[in-house]
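J.: In terms of the working numbering, the sequence shown is residues 360 to 815. All C-beta atoms, glycine included, are put in the ideal place defined by N, C-alpha and C. As the structure is a computational prediction, the values presented were derived from the model and not from experiment.
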Amino acid sequence: MAELLEARVPDIGDDKDVPVIELLVQPGDTVKKDQGLVTLESDKATMEVPSPFDGIVRELRVKLGDALSEGSVVALIEPLAAEAAAPTPTPTPTPTAAPPPAPPAAPAVPVAVAASGAPAAPVPAAAASAPAPVAAVAVATRTPPVAFDAQSLLPGKVPHASPAVRLFARELGVDLAQVAGSARAGRISKEDVQAFVKSALAGGGAPRTAGGGGGLDLIPWPKVDFAKFGAVESRPLTRIQKLSGANLARNWAMIPHVTQNDDADITEMEAFRKKLGEENKDTKVTPLVFLIKAAVAALKKFPNFNASLEGDSLVLKQYFHVGIAVDTPDGLVVPVIRDADRKGLLELARELGEISAKARDKKLSPADMQGGCFSISSLGGIGGTGFTPIINAPEVAILGVSRSAMKPVWNGQAFEPRLLLPLSLSYDHRVIDGAAAARFTAYLAHVLGDLRRLLL
Ligand code: CAO
360 MAELLEARVP DIGDDKDVPV IELLVQPGDT VKKDQGLVTL ESDKATMEVP
410 SPFDGIVREL RVKLGDALSE GSVVALIEPL AAEAAAPTPT PTPTPTAAPP
460 PAPPAAPAVP VAVAASGAPA APVPAAAASA PAPVAAVAVA TRTPPVAFDA
510 QSLLPGKVPH ASPAVRLFAR ELGVDLAQVA GSARAGRISK EDVQAFVKSA
560 LAGGGAPRTA GGGGGLDLIP WPKVDFAKFG AVESRPLTRI QKLSGANLAR
610 NWAMIPHVTQ NDDADITEME AFRKKLGEEN KDTKVTPLVF LIKAAVAALK
660 KFPNFNASLE GDSLVLKQYF HVGIAVDTPD GLVVPVIRDA DRKGLLELAR
710 ELGEISAKAR DKKLSPADMQ GGCFSISSLG GIGGTGFTPI INAPEVAILG
760 VSRSAMKPVW NGQAFEPRLL LPLSLSYDHR VIDGAAAARF TAYLAHVLGD
810 LRRLLL
């Protein structure tokens with residue numbers, strides 16, 4: 360048998376001991392690179408551990424319910440011929456019983472380069488069948504993108520249920536946030552959903568979660584046989600759409616949103632942006648890069664916007680990680696640009712290009728989408744004059760940006776053509792007052808109108 364390579368859990372952010380909820384392959388299955396091997400589900404997200412290359416699964420090292428962390432071995436895979444040709448093993452195996460996730464740059468074991476470019480270790484077939492854990496290695500790093508971080512405004516209230524139970528609940532129109540889980544670690548089972556429905560039918564109303572009074576008492580979702588009215592086609596939502604949909608619905612229902620609109624005069628900024636673009640032909644500098652810079656300046660001036668609500672406290676962040684909504688064919692994802700305050704315009708432009716490409720190639724890891732302080736959703740490349748972005752909880756504000764347009768502006772003596780950029784700031788009214796929001800957008804417009812302000 361050819362040498363076997365390990366598939367391990369990639370970087371999954373801060374999550375640890377995440378339970379396996381689905382085995383997607385069995386020994387003997389042929390898998391493609393990036394195909395899911397198992398599904399993990401944390402409180403925040405469901406994610407698949409991908410195969411790092413094309414191959415045949417020779418051994419599954421996990422079972423349902425196992426708790427995995429970054430670096431845990433999931434399976435041993437025999438690479439297919441093309442993959443097997445690529446590795447150039449180094450003959451110094453270093454077995455270890457407690458494998459830490461080894462950084463790709465300094466592997467302490469024989470390393471083969473998987474098709475993704477991420478290193479994976481070849482394991483001799485004999486070692487693979489031995490019970491002892493094999494060498495420590497890094498793995499291919501792709502996990503499917505996971506939309507908005509589901510960390511709730513009310514931590515601990517995030518429904519903990521498998522995708523099958525979620526689907527079941529959705530079909531019955533049950534809001535899982537209302538259901539108490541009776542399984543291990545408060546997990547919601549199918550039986551819990553059934554009991555919830557029975558209780559609702561018997562009592563004429565849905566039972567409340569502890570504390571009561573939190574339900575919306577909505578009438579059921581309309582059930583319509585659309586086919587009665589014409590031809591239809593049913594298309595399942597993507598995983599990202601399901602996750603982002605659940606998060607958007609919760610955020611919209613639980614956060615009192617208000618949207619403050621303003622215009623920034625970016626006539627001079629646009630001239631500078633064009634000049635910068637001409638000088639740096641290999642880097643695409645869009646207005647969004649300036650908006651990230653201006654947003655950081657505004658967050659510094661108005662710290663309550665760089666905060667999260669936790670019970671009766673406001674957690675003020677001393678760092679500036681900005682989430683950027685990216686439209687992908689599978690749905691909306693929000694990767695985070697870290698330490699945006701420490702990066703220049705060109706560095707931000709390059710990073711924006713990289714994360715957008717990674718998002719569209721489905722290569723974002725959950726870690727890429729964690730830790731955001733404030734988000735920007737730009738539809739400026741498409742069009743529109745304003746919209747209401749939905750706050751990405753547990754953040755307290757989000758900036759929507761629409762397409763700039765040349766408009767006549769009265770300068771006191773005459774109308775002057777000026778390039779105006781529409782800004783739409785949605786904010787959590789529990790944390791931010793209308794006056795503060797108006798000051799925030801006015802300051803943003805002020806900075807964008809005169810970029811020298813960024814230096815202050
Ligand atoms: N006004 C006028 N033109 C704008 C503009 C604005 N506000 N913003 C961008 N543009 C221009 C850019 O300069 C670029 O022009 P060129 O092709 O001539 O260089 C063009 O529009 C396309 O820009 P872009 O969209 O590729 O780049 P970006 O940096 O503005 O945005 C990204 C990157 C990833 C945010 C964007 O591609 C995207 O996915 N936007 C959608 C986000 C979304 O869906 N939000 C909704 C969330 S709520 O459902």
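1) Below 7 Å CB to CB, which residues in the same chain sit around D802 once its five sequence neighbours on both sides are set aside?
2) Report, in whole angstroms, the separation of the C-beta atoms of Q619 and L784, which I expect to be a contact under 8 Å.
3) Check whether the Cβ of L738 sits closer than 7 Å to any heavy atom of the ligand CAO, and report yes or no.
4) Under 7 Å from any heavy atom of the ligand CAO, does the C-beta of D686 make it?
5) I need the DSSP call for P448, collapsed to helix, strand or coil.
6) How should G771 be labelled, buried or exposed, when 16 other C-beta atoms within 10 angstroms of its C-beta is the threshold for buried?
7) For D727, name the three-state secondary structure that DSSP assigns.
8) Can you tell which of R417, A426, D393 and K702 has the C-alpha that lies nearest to the C-alpha of S410?
9) For R525, which three-state DSSP category applies?
10) Less than 8 Å between the C-beta atoms of V377 and A434, yes or no?
11) If you follow the beta strand (DSSP E) that A623 is in, where does it begin and where does it stop?
12) Could you please give me the residues that DSSP links to R367 through a beta bridge?
13) With a 10 Å radius around its C-beta and 16 neighbouring C-beta atoms as the bar for buried, classify E365 as buried or exposed.
14) Let's see if you can read the secondary structure: which residues bound the beta strand (DSSP E) around T398?
15) Is DSSP giving P503 helix, strand or coil here?
16) For A726, tell me which candidate among A361, L711, G372 and R367 has the shortest Cα-Cα distance.
17) Counting only runs that start and end within the region 628 to 690, where is the beta strand (DSSP E) found for 3 or more residues in a row?
18) Is the beta carbon of G731 closer than 8 Å to that of H680?
19) Does the Cβ of L711 lie closer than 7 Å to at least one heavy atom of the ligand CAO?
20) Using a Cβ-based criterion (distance less than 7 Å to any ligand heavy atom), does P760 qualify as near the ligand CAO?
21) From the DSSP output, in three-state form, read off R609 for me.
22) Considering only their Cβ atoms, is the gap separating G690 from T747 smaller than 8 Å?
23) Looking at S715 and the ligand CAO, is the gap between the Cβ and the nearest heavy atom below 7 Å?
24) With DSSP run on the structure shown, which of helix, strand or coil describes L782?
T.: Answer, in terms of the structure:
1) Per the sequence presented here, residue 802 reads as Tyr, with Asp not at that position. These residues qualify, in order along the chain: A657 and K660.
2) 5 Å
3) True, at least one ligand heavy atom lies under 7 Å from that Cβ.
4) yes
5) For P448, the predicted model reports a pLDDT of 37, less than 50, meaning its position is unreliable; a value from the coordinates is still stated below. Reduced to three states, the DSSP call for P448 is coil.
6) Here G771 is exposed, its C-beta having fewer than 16 other C-beta atoms within 10 Å.
7) helix
8) D393
9) helix
10) no
11) H616 to D624
12) DSSP lists V432 as the bridge partner or partners of R367.
13) buried
14) First-last of the beta strand (DSSP E) with T398: G395 to E400.
15) Summary for P503: the model assigns pLDDT 40, below 50, so the residue's position carries little reliability, and this model does not support an answer.
16) G372
17) Complete beta strand (DSSP E) runs here, min 3: 666 to 669, 672 to 675, 681 to 683 and 685 to 687.
18) yes
19) yes
20) A quick correction: the sequence has Val, not Pro, at residue 760. V760: yes, Cβ under 7 Å from the ligand CAO.
21) Residue state, collapsed to three classes: helix.
22) no
23) yes
24) In the three-state reduction of the DSSP assignment, L782 falls in the strand class.
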